[in-house]
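Visitor: 1 is the number of the first residue of the sequence shown in this note's numbering; add one for each residue after it.
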Amino acid sequence: MNYDDNNIFAKILNGKIPCNKIYEDNFVLSFYDINPQKKIHALVIPKGKYIDLDDFSLNASPEEMVGLIKGINKVAKKLNVSTDLGRGYRVLSNISDHGGQEVPHLHFHLFGGEKIGRMVE
Ligand code: AMP
Numbered sequence: 001m002n003y004d005d006n007n008i009f010a011k012i013l014n015g016k017i018p019c020n021k022i023y024e025d026n027f028v029l030s031f032y033d034i035n036p037q038k039k040i041h042a043l044v045i046p047k048g049k050y051i052d053l054d055d056f057s058l059n060a061s062p063e064e065m066v067g068l069i070k071g072i073n074k075v076a077k078k079l080n081v082s083t084d085l086g087r088g089y090r091v092l093s094n095i096s097d098h099g100g101q102e103v104p105h106l107h108f109h110l111f112g113g114e115k116i117g118r119m120v121e
């Protein structure tokens, strides 16, 4: 499967459609999910064109990998849910068909602001 340049997160990254931005640096963009499932529901996406975590693991540079992991922590801090500032959070990434992925650009959901509950249905 090739990366689809017309996916919704690609359009957010290139400014064609707006987002409710939380954080941005050279490696990641973070914005609020349009259909929040918890009190806090953010998305963290790499700026590079990666379909999912498998694609990222195989093809991203070490700098991009560090940037993404650190980016998640920066977003958690900004939202006051990191372990030093708040009470924690959950990070989740859906991968392909069985994972339930809808948007084919790698993204991490960040849930917080309340107890998140059961890990899976
Ligand atoms: P997934 O099922 O893991 O691919 O999740 C895709 C997520 O993207 C869902 O939680 C959607 O609510 C969210 N989403 C779709 N379009 C937008 C958008 N334009 N802005 C913010 N979040 C979006």
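Backbone N, C-alpha and C fix where the C-beta goes; we use that ideal spot for every residue, glycine too.
#1: Pull up the distance between the alpha-carbon of R117 and that of E102, whole angstroms please.
#2: Is any non-hydrogen atom of the ligand AMP found closer than 6 Å to the C-beta of V75, if you look at the structure I gave you?
#3: Would you mind stating whether F27 and K47 have Cβ atoms separated by less than 7 Å?
#4: Could you check if E63 is buried or exposed, using at least 16 other CB atoms within 10 Å of its CB as the buried criterion?
#5: Pick helix, strand or coil for G99, following the three-state DSSP scheme.
Guide: In short, the structure shows the following:
#1: In the sequence as displayed, the identity of residue 117 is Gly instead of Arg. G117 and E102: Cα-Cα distance of roughly 22 Å.
#2: V75 Cβ: outside cutoff for every heavy atom of the ligand AMP.
#3: Contact flag set, yes.
#4: By the 10 Å Cβ count, E63 comes out exposed.
#5: It is helical.
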